[in-house]
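Below: one structure, written as structure tokens.
2 protein chains.
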Amino acid sequence: MTARGFDRAEYVARVARAQDLMAQAGLAALLLTTEPEIRYFTGFLTRFWESPSRPWFVVVPASGDPVAVIPSIGAALMAQTWITDIRSWPAPRPEDEGITLLADTLNALDGPVGVPSGPETHMRLGMADIERLRAALRHPLRADAGITAYLRAVKSEAEIAKIAHACQIAARAFARVPEIAAPGVPLSRVFRDFQRLLLDEGADWVPYLAGGAGPQGYADVISPASDAPLRAGDVMMLDTGAVWDGYFCDFDRNFAVGAPAANIAATHDRLLESTQAGLEAAQPGARACDVHAAMAAVCGAGEGAGRLGHGLGMQLTEGLSLSAVDRTELRPGMVITLEPGVDTADGCILVHEENIVIREGGAQVLSPWATGLTRIG
Amino acid sequence: MTARGFDRAEYVARVARAQDLMAQAGLAALLLTTEPEIRYFTGFLTRFWESPSRPWFVVVPASGDPVAVIPSIGAALMAQTWITDIRSWPAPRPEDEGITLLADTLNALDGPVGVPSGPETHMRLGMADIERLRAALRHPLRADAGITAYLRAVKSEAEIAKIAHACQIAARAFARVPEIAAPGVPLSRVFRDFQRLLLDEGADWVPYLAGGAGPQGYADVISPASDAPLRAGDVMMLDTGAVWDGYFCDFDRNFAVGAPAANIAATHDRLLESTQAGLEAAQPGARACDVHAAMAAVCGAGEGAGRLGHGLGMQLTEGLSLSAVDRTELRPGMVITLEPGVDTADGCILVHEENIVIREGGAQVLSPWATGLTRIG
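As structure tokens, then:
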């Protein structure tokens, strides 16, 4: 039974590592505004981020524990985390949406404030309030030197266990797809029912589901489902990001609805071989582009080969890209997806995806390794 | 049967209204970077926003149709919308994540660029890329003068129909809660099963679910569910933001698990009376603070009375707040929630919520109007 939450020691260690790097970067504080960044340092877990009406702030000082500067509606929940210094205001209050409170908190520290500023980041705060904050600060806002992203990229064993748990939930749901998909069933119905299966198998929620179906695969991997019914001869793909205790899985499966077209099974086999090549290349010290090269050598460099996988954790995609240009070095504890794609015909693609964790001596598989197309209908 | 999507005329009208306001504000373009803003002008609908790895841009020029500047992975789906000018780059490409392409697009226009900058906004782009963009532009980035939020606040009849459809889905799911909740069932199980019911009743997905249970209600309305079992005497609340075709409902129901405490039924009646007072006060021309005052006069001004409702539409919460300080004037076509809260005992609250649309002559109810606590178990 995987435990919910983390020990206090996990958060203390995260903060200590951040403070080491902050000292090297000459930062007096980190200022965090987004859900995963705030959760990483505090454990604050809520779906209320779906509401854009209130900004949330956490300050990680150069020494000492983080300070939460948050709307009063969240104070009780934050008080259940390990954070004890919680400062709140009655939001929404557009004339001063926590900016004075935040500026006072930061101005008590002596030096520049680091803000996550690189790829995949944003400040979850309106530009007008960012300007107000800058004007109220004694010290400048600066880039955080990539500290937050660097730390998040390597997962603890407790984090890996949560991702593995999410993978197992999705694996059980994928095994039940023959219950919900058959010729004549609209793809939109399959999407709905697959989300129900994921919940039934233990997912807390299902932030992401994509997929497609057709004789030669699908046009892309981001479109919502149409109401078109499945037809014999289609290959159907479902790709899910299901969440357990705040951590994602992200893998897919392809299903043959009746007998697939002659080229499809062979193409799918090529995807599995490419995934296997990625698994073998994903050694500590290898670079993301090395893994990409190993996979592309098998699956080819078609339209789908721009990115053949990515980091995974508190977000559906995070951190490195398995692309030709990403030279990030793999470190033990990184969790990544292997996601080769192949052009088929009619402008369509097939995509396969698995989840692995980088380990000394060789990557460990988290999603059950697919062995072939599952036949349904 | 409510239709998916919108006619092209709806988007053309949205752009025309924006361009009228842009002319008044002296803006040569709007630059949009977030999901609802981009969807509002283009119809681009995907759950792929869950991935933070790529920025997306839409430019609404002072005259002419919007231009999409987006990652190549989205070009096929964008081409299915009414947008014809689609410029893409192979993302992720951190060394130039669409910034040159976007700057070229904006620099072909002659004047300042408006960015949504007020409450509830953010630029979905790292600070480093925002600085790169500023440096590459001939003209400054400015606030959009609230144009995007102002337009989104009033819904078309087609938008209202989608929200009403989502409300009906949730209403059917709420009616089935006695199937899934009973003394002894963990609240976390109820959450999982209620999401399944929402999908079963037609929701495309369930981005938001909150709630709580206890003899005197719940500590807040944002916490995730615990594994604690429901007990006879609890009042349980479920609050959902379910989505159909990109539009949210957002209302809740309270359930009495067995016989409630003596004060609970009376307190719940007071919430219903407060909601009714809000409905009657929600006339065109009234201000948000007027509706708040009418509701607070009934439910009191306790901890929960900071915000007694909010706008609703493409996001779970958007636009005005029913608070003492929000002087936004209600306009026909605005969809809002009425959400009174009352302190009970033990630091707990009860909250009730309904959804309405502002109409000439009086607001129209979208969520089925609750008449009392539903008894379960």
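Just so you know, the sequences run in chain order A and B.
The opening position of the first sequence corresponds to residue 1 in my numbering, with each subsequent residue numbered one higher.
The opening position of the second sequence corresponds to residue 378 in my numbering, with each subsequent residue numbered one higher.
Note that beta-carbon positions come from the ideal geometry of N, C-alpha and C, so glycine has one too.
Bear in mind the structure is a predicted one, so any value in this text is a computation, not a measurement.
>> Just to check my reading of the structure: residue 58 of chain A and residue 27 of chain A have Cβ atoms closer than 8 angstroms, yes? What is that Cβ distance to the nearest angstrom?
In response: Residue 58 of chain A to residue 27 of chain A, Cβ: 14 angstroms. No contact.
>> For a minimum of 3 consecutive residues, which ranges assigned as the beta strand (DSSP E) are wholly contained in the region 441 to 503 of chain B?
In response: 444 to 448, 462 to 466, 490 to 492
> Looking at chain A, which residues of the region 607 to 629 of chain B have a Cβ within less than 7 angstroms of any of its Cβ atoms?
Replying inline: 618
> By Cβ distance, which residues of its chain are closer than 8 angstroms to residue 214 of chain A, with the 5 residues on each side in sequence left out?
Replying inline: 234, 235, 346, 348
> Going by C-alpha distance, which of B:550, B:673, B:675, B:397 is nearest residue 528 of chain B?
Replying inline: B:397
> Short check: CB of residue 547 of chain B to CB of residue 580 of chain B, under 9 angstroms?
Replying inline: yes
>> Pull the bridge partners of residue 267 of chain A from the DSSP assignment, please.
In response: Partner(s): none; residue 267 of chain A has no beta bridge.
> When you check each C-beta in the region 463 to 483 of chain B against every C-beta of chain A, which residues fall closer than 9 angstroms?
Replying inline: 467, 468, 469, 470, 471, 472, 474
> With burial defined as no fewer than 16 other Cβ atoms inside 10 Å of the residue's Cβ, what is the status of residue 428 of chain B: buried or exposed?
Replying inline: buried
> Excluding five sequence neighbours on each side, which residues of the same chain lie with their C-beta closer than 8 angstroms to the C-beta of residue 539 of chain B?
Replying inline: 379, 621, 622, 623, 624
> Just reading off the alpha helix (DSSP H) that residue 392 of chain B is part of, what are its end residues?
Replying inline: 385 to 402
>> Mapping the DSSP letters down to three states, classify residue 680 of chain B as helix, strand or coil.
In response: Only weak support is given to the placement of residue 680 of chain B: the predicted model assigns it a pLDDT of 49, under 50, and the question is left unresolved by the model.
> Which residues in the same chain have their Cβ closer than 6 angstroms to the Cβ of residue 5 of chain A, if we skip the five residues on either side of it in sequence?
Replying inline: none
> In or out: residue 572 of chain B buried (at least 16 other Cβ within 10 Å) or exposed?
Replying inline: buried
>> My assumption, with CB atoms under 8 angstroms, is that residue 113 of chain A sits in contact with residue 60 of chain A. Please give the rounded CB distance.
In response: Their Cβ separation, rounded to whole angstroms, is 10 angstroms, which puts residue 113 of chain A and residue 60 of chain A out of contact at 8 angstroms.
> Under a Cβ-count criterion, where at least 16 other Cβ atoms within 10 Å of its own Cβ denotes burial, should residue 659 of chain B be classed as buried or exposed?
Replying inline: buried
>> Contact between the region 663 to 676 of chain B and the region 490 to 509 of chain B is defined here as three or more beta-carbon pairs at a separation below 8 angstroms; is this criterion met?
In response: no
> Which residues in chain D sit within 8 angstroms of residue 115 of chain A, going by Cβ to Cβ distance?
Replying inline: Among the protein chains of the structure shown, namely A and B, there is no chain D.
>> Any beta carbon from chain B within less than 9 angstroms of residue 437 of chain A's own beta carbon?
In response: Within the shown structure, residues of chain A are numbered from 1 to 377, placing residue 437 of chain A beyond reach of any answer.
>> For residue 696 of chain B, which residues in the same chain have their Cβ closer than 6 angstroms to its Cβ, ignoring the five residues on either side in sequence?
In response: 530, 688
> By Cβ distance below 6 angstroms, which residues in the same chain neighbour residue 627 of chain B in space, the five residues on each side in sequence not counted?
Replying inline: 618, 689, 693, 714
>> If you reduce the DSSP assignment to three classes, tell me which class residue 636 of chain B lands in.
In response: coil
> Going along the chain, which residues of the region 16 to 48 of chain A sit with their C-beta nearer than 9 angstroms to a C-beta in chain B?
Replying inline: 33, 34, 36, 45, 46, 47, 48
> Nearest chain A C-beta to residue 692 of chain B closer than 9 angstroms, yes or no?
Replying inline: yes
> If residue 67 of chain A and residue 98 of chain A are in contact, beta carbons under 8 angstroms, what's the gap, nearest whole angstrom?
Replying inline: Actually they are not in contact, since the Cβ atoms of residue 67 of chain A and residue 98 of chain A sit about 12 angstroms apart, beyond 8 angstroms.
> Buried or exposed: which applies to residue 593 of chain B, given that a residue is buried once 16 or more other Cβ atoms fall within 10 Å of its Cβ?
Replying inline: buried
>> Tell me which residues share the same chain as residue 399 of chain B and place their Cβ nearer than 6 angstroms to its Cβ, disregarding the 5 neighbours each side in the sequence.
In response: 439
>> Rounding to the nearest angstrom, what Cα-Cα distance links residue 358 of chain A and residue 372 of chain A in this structure?
In response: 24 angstroms
>> I'd like to know if residue 687 of chain B contacts chain A, where contact means its C-beta is closer than 9 angstroms to some C-beta of that chain.
In response: yes
>> Taking the beta strand (DSSP E) that residue 354 of chain A belongs to, which residues open and close that run?
In response: 354 to 357
>> Using only the alpha-carbon positions, how far apart do residue 8 of chain A and residue 207 of chain A sit?
In response: 27 angstroms
>> Between A:93, A:325, A:128, A:141, which has its C-alpha nearest residue 29 of chain A's C-alpha?
In response: A:141
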